[in-house]
Amino acid sequence: MAVLAPNALQALKFFGIEPRNKWQKYNFNHSIKRLKKHGLIIFEKTSRGIFARLTPKGEDRLRKFKLLGYKLKKPKKWDKKWRVLIFDIKEERKGTRDKIRFTLKRIGFLRLQDSVWVYPYDCEDLVILMKADLKIGKDLLYLIVDTIEGDNKIKKYFKLTT
19 MAVLAPNALQ ALKFFGIEPR NKWQKYNFNH SIKRLKKHGL IIFEKTSRGI
69 FARLTPKGED RLRKFKLLGY KLKKPKKWDK KWRVLIFDIK EERKGTRDKI
119 RFTLKRIGFL RLQDSVWVYP YDCEDLVILM KADLKIGKDL LYLIVDTIEG
169 DNKIKKYFKL TT
């Protein structure tokens, strides 16, 4: 990752992500490399630092997620981890809030609360694309958690067995 963007790990704070261990840093770097390799993002150097920006191809991919009801690929076996998205968008950006909710619902996320959504499979690429496209870096938090209290209803919703 240092070759692509020497300050990429410092950029995590811009995305609202602070990896706590080597595994989280690896996952983030791997997602960024994959997005760059596929031509979905580029890095731009500005007076404020280095930032990731969606390419036209990345914008098209994000539109597909939003408009076509694109479903994320599901692995054959669930890793027993929940992906939780939490966002806090101010009232002035209500349209952005609505776009996020619409996108998450169309992709197959389950709403736990108005601004808390859950999904059982990896979706970090989507989250990074949404943050870049909607300019909501710090306002959208992506969590990978082992347990959610009372998750039996969630497992049933996603048709997961333990």
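The working numbering applies: residue 19 is where the sequence shown begins, and numbers increase by one.
We put the CB at the ideal spot given by N, CA and C, even for glycine.
All of these numbers come straight from a predicted model, not from anything done at the bench.
Distance between beta carbons of residue j and residue i, contact taken as under 8 angstroms
i	j	result
Tyr139	Leu80	Contact doesn't hold; Cβ gap of about 18 angstroms is too wide.
Asp164	Lys99	6 angstroms
Close-in-space but distant-in-sequence residues of the same chain around residue i (CB under 7 angstroms, 5 per side omitted)
i	result
Leu86	Any reading at Leu86 needs caution, since the residue's pLDDT is 48, under 50, leaving its predicted position unreliable; the model's value is listed next. Excluding residues within five positions, none has a Cβ falling inside 7 angstroms.
Ile59	Leu53, Ala70, Arg71, Leu72, Thr73, Gly76, Ala150
Residues bridged to residue i [DSSP beta-bridge criterion]
i	result
Gln42	Looking at the DSSP assignment, Gln42 forms no beta bridge with any residue, so it has no partner.
Sequence-distant residues of its chain with Cβ nearer than 8 angstroms to residue i (five each side left out)
i	result
Phe105	Arg115, Ile118, Ser133, Ile154, Asp157, Leu158, Leu159
Gly57	Thr73, Lys75, Gly76
Sequence-distant residues of the same chain with beta carbon closer than 6 angstroms to residue i, five excluded per side
i	result
Trp12	With the chain running from 19 to 180 in the structure shown, residue 12 is simply not present.
Ile107	Thr114, Arg115, Asp157
Ile166	Trp100
Identity of the residue in the options nearest residue i by Cα
i	options	result
Ile146	Glu167, Lys51, Asn39	Lys51
Leu72	Arg66, Gly168, Lys55	Lys55
Ile162	Gly126, Gly76, Phe127, Val136	Val136
Leu53	Trp41, Ala70, Lys43	Ala70
Asp6	Met148, Glu110, Glu167, Lys171	In the structure displayed, the chain extends from 19 to 180; residue 6 sits before or after that span and is not available.
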